[in-house]
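Written below as structure tokens is the structure these notes are about.
There are 2 protein chains.
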Amino acid sequence: MKTHNFSAGPCILPQEVFKEVSESLINFDNLGLSVIEISHRSKSFVAVMDEAVALVREQLQIPDTYEVLFLQGGASMQFAMLAFNFLSENGKAQYLDTGAWSSKAYKEAAGLGNAEVLASSKEANYNFIPKDYEIEDDADYFHCTSNNTIYGTQIKKFPQTEAPLICDMSSDIFSRPLDVSKFDLIYAGAQKNLGPAGATLVIVKKDALGRSGRYIPTMLDYNTHISKGSMFNTPPVFSVYVSMLTLRWLKANGGVEAAQKRNEEKAALLYNEIDRNPFFTGTAAVEDRSTMNACFLLNDEAAHKEAFDAIIAEKKIYGVNGHRSVGGYRASMYNAMDLDSVVALLDCMKELENKF
Amino acid sequence: MKTHNFSAGPCILPQEVFKEVSESLINFDNLGLSVIEISHRSKSFVAVMDEAVALVREQLQIPDTYEVLFLQGGASMQFAMLAFNFLSENGKAQYLDTGAWSSKAYKEAAGLGNAEVLASSKEANYNFIPKDYEIEDDADYFHCTSNNTIYGTQIKKFPQTEAPLICDMSSDIFSRPLDVSKFDLIYAGAQKNLGPAGATLVIVKKDALGRSGRYIPTMLDYNTHISKGSMFNTPPVFSVYVSMLTLRWLKANGGVEAAQKRNEEKAALLYNEIDRNPFFTGTAAVEDRSTMNACFLLNDEAAHKEAFDAIIAEKKIYGVNGHRSVGGYRASMYNAMDLDSVVALLDCMKELENKF
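Order-wise, the sequence lines are chains B and Z.
According to this note's numbering, the first sequence is numbered sequentially starting from 114.
According to this note's numbering, the second sequence is numbered sequentially starting from 114.
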């Protein structure tokens, strides 16, 4: 019986990828060696890195004026790194606060220089995306988070601005088409739609760099990694390899357009049930609902939580506990999740309704 | 026919570990899920992290006054991180320059504050470890690199000092017993004796922290990671998991004492052949020769390189090319390498001798 993996991240990846990785752990590229014991300077791994970068470029149609990097440290390291690279001593950064991760990103910039929160939905426990704010044209940059895993909200339309636009897309990159040319910097921890934890994707406009005027530690300088093709030091070999395989899978399955279609179908199915079923209520504002993470509460937790948890355990639904700051349930439906897993969850919700 | 993996890093790990990891890629902990698709907050992964930390503590007999962390970014990120945490605005850091990595470590401290090189073997292409220097008692710290992968040198006896002692042990940690209590900070990229690239081990004395008085970006502050048990953000799940399995293997095979014995046996075998065989010369000073990486040159490269390269290719010797800054050959013999691989390399060296 299949386990349905609704984990928020690290999360489900394609089954085909697991199989290929499993074999490569014993014999990679017919070398008689494991993929994790070869040099990152070997022909075999250089080919992996090159293909991973090429697939990112192809799938997101990235202009040549941008660099694609695979780094370490997750989005959390990017919070500091982007501030070192984009926030000048006398400049100002502007942030949209749509959740815990936005807020942490802001904190790093504020620690280093002048940063301000333009708009926030914190008082509503981040259950919507603020839209009424104005970005100053001469800001060093404007920062936003495209998808808020914890609260199940997602930016559907990015703001227009003259200021450099920077976005943390950790939890929805590759889930939909993207006009990269609108952004100066896009970054994403790999562990949702891209690959396993341990790699961080960075897409950066080359001519936006080198302007902060600050001393930047070598490893926090994007130009360090650009000059060495993400191999300034040993890259996270395994995570880059699995990301490359996941990108191949994405391409073979129709790319981001097809992924978007499947993701919208899955999300519509689940949100329709949340709205229909009298036992549940969604937490996010309808117009900002994320296609990646759907958050919902039992209307009567005291009466039904035990029963519902038993039903989902029975159906092998894994990883649907809500984040402690929202409570209830959270179903993460990343690219690699099949429709049948969402159907299995719907069956559980209907079973609860029928039972009482 | 077995491939003999002499790669400098990423490098050989135990075969038993590859097998177990390969299975866990499909079904981990009987969850019906891959080890790379489960939440880092799940019971299963928390148990992995706990066991990895406990095994590091046990194998190196680490006092309770130290913390053990698994971070990202490699030793290169530590170069900056340690400076932020240990180098005060008015203080001074002192460095021993024993190679390219020492030198990069120094550069990060010098970029941030006052740092100086106490002694260097650069003019001799780093073929020995300087021993004639005096560390100032009131330095913020003294930094050294225990093993120099590129040049095949290794510190056999660490200096006595009143100043905090910091050491990059990336390429020889777990290869020999270690008195952790002499150090304030030890760090190591995982990708030699510990696990795959993507994790960085940090062992830090708790009460040595919090003294630099600097603004430290959140992710570069050791206390951030201590307060969250290496889970401030998503850890490199896979690399920590494989490290834990490698530590189990180390323990089952007699721990660091037994590893040291095997490593010395392998190294003695190879260095004896280098010294005996008239076709080869070792590059490192005899008293500083590394048990991990043996560097040697052909005495007549023009006449014998082609033949020797053909012989080693025939025997499936992999990864013995020397680093470009030294040339010749480098045989890396980390913990997981069996004696028979060293014997295979010796056979090649003898075959060359017999051929000409």
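By construction, the Cβ of each residue, glycine as well, lies at the ideal position given by its N, Cα and C atoms.
Remember, predicted model here, so these are calculated numbers, not experimental data.
- It is roughly 34 Å from the alpha-carbon of Cys124(B) to the alpha-carbon of Tyr328(Z).
- Using a Cβ-Cβ cut-off of 8 Å, Ser294(Z) does not count as an interface residue toward chain B, since no Cβ of chain B sits closer than that to its own.
- Contact residues of the stretch 165-190 of chain B toward chain Z are Leu184, Gln185, Gly186, Gly187, Ala188, Ser189 and Met190 (C-beta to C-beta distance below 9 Å).
- Between the alpha carbons of Gly323(B) and Ser325(Z) lies a distance of about 28 Å.
- Straight across, the Cα-Cα distance linking Ser120(B) with Ile387(Z) is about 54 Å.
- For Glu129(Z), no Cβ of chain B is located within less than 8 Å of the residue's own Cβ.
- Cys124(Z) has a beta carbon lying within less than 8 Å of a beta carbon in chain B.
- Take Val161(Z), set aside five residues on each side of it, and the residues of its chain with a beta-carbon closer than 6 Å to its own are Tyr354 and Met357, in chain order.
- Cβ atoms of Asn240(B) and Thr266(B) come within 8 Å of each other, at about 7 Å.
- According to DSSP, residue pairing for Glu202(B) in a beta bridge does not occur.
- In summary, Arg389(B) is exposed, with fewer than 16 beta-carbon neighbours lying within 10 Å of its beta-carbon over all protein chains present.
- In summary, Asn412(Z) is exposed, with fewer than 16 beta-carbon neighbours lying within 10 Å of its beta-carbon over all protein chains present.
- Under the Cβ criterion of 8 Å, His153(B) is counted among the residues facing chain Z.
- DSSP lists Asp210(Z) as the beta-bridge partner residues of Ser233(Z).
- When C-beta distances to chain Z are compared with 9 Å, the residues of the stretch 215-242 of chain B below that value are Lys217, Lys220, Glu221, Gly224 and Leu225, in chain order.
- The stretch 256-329 of chain B is shown to contain whole beta strand (DSSP E) runs of 3 or more residues at 278-281, 298-302 and 313-318, in chain order.
- Across the set Ser403(B), Arg402(B) and Phe392(B), the C-alpha of Phe392(B) shows the shortest separation from the C-alpha of Leu410(B).
- A straight line joining the alpha-carbon of Lys217(B) with that of Asn448(B) spans about 26 Å.
- Contact annotation for Leu146(Z) against chain B: Thr116, Asn118 and Tyr431 [CB-CB distance below 8 Å, chain order].
- Excluding its 5 nearest sequence neighbours in each direction, Gly226(Z) has C-beta neighbours in its own chain below 6 Å: Leu200, listed in chain order.
- Comparing alpha-carbon positions, the option among Met450(Z), Lys220(Z) and Val350(Z) lying closest to Ser147(Z) turns out to be Val350(Z).
- Taking a cut-off of 8 Å on C-beta distances, the stretch 163-177 of chain B does not touch the stretch 176-185 of chain Z, as fewer than three cross pairs fall below it.
- By the rule that beta-carbons nearer than 8 Å mark a contact, Ile149(B) touches chain Z.
- Taking the beta carbon of Leu382(Z) as reference, no residue of chain B falls within 8 Å; the closest one sits roughly 22 Å away.
- Taken through DSSP and simplified to helix, strand or coil, Phe351(B) comes out as helix.
- For Ala372(Z), the enclosing alpha helix (DSSP H) starts and ends at Gly368 to Arg389.
- Taking the Cα of Ala407(Z) as reference, the smallest distance to any Cα among Pro330(Z), Pro309(Z) and Val439(Z) is reached at Val439(Z).
- Bridge pairing for Thr394(B): Leu410(B) [DSSP].
- Look at the stretch 330-357 of chain B: the residues with a C-beta under 8 Å from a C-beta of chain Z are Pro330, Thr331, Met332, Leu333, Phe345, Asn346, Thr347, Pro348, Pro349, Val350, Phe351, Ser352 and Val355.
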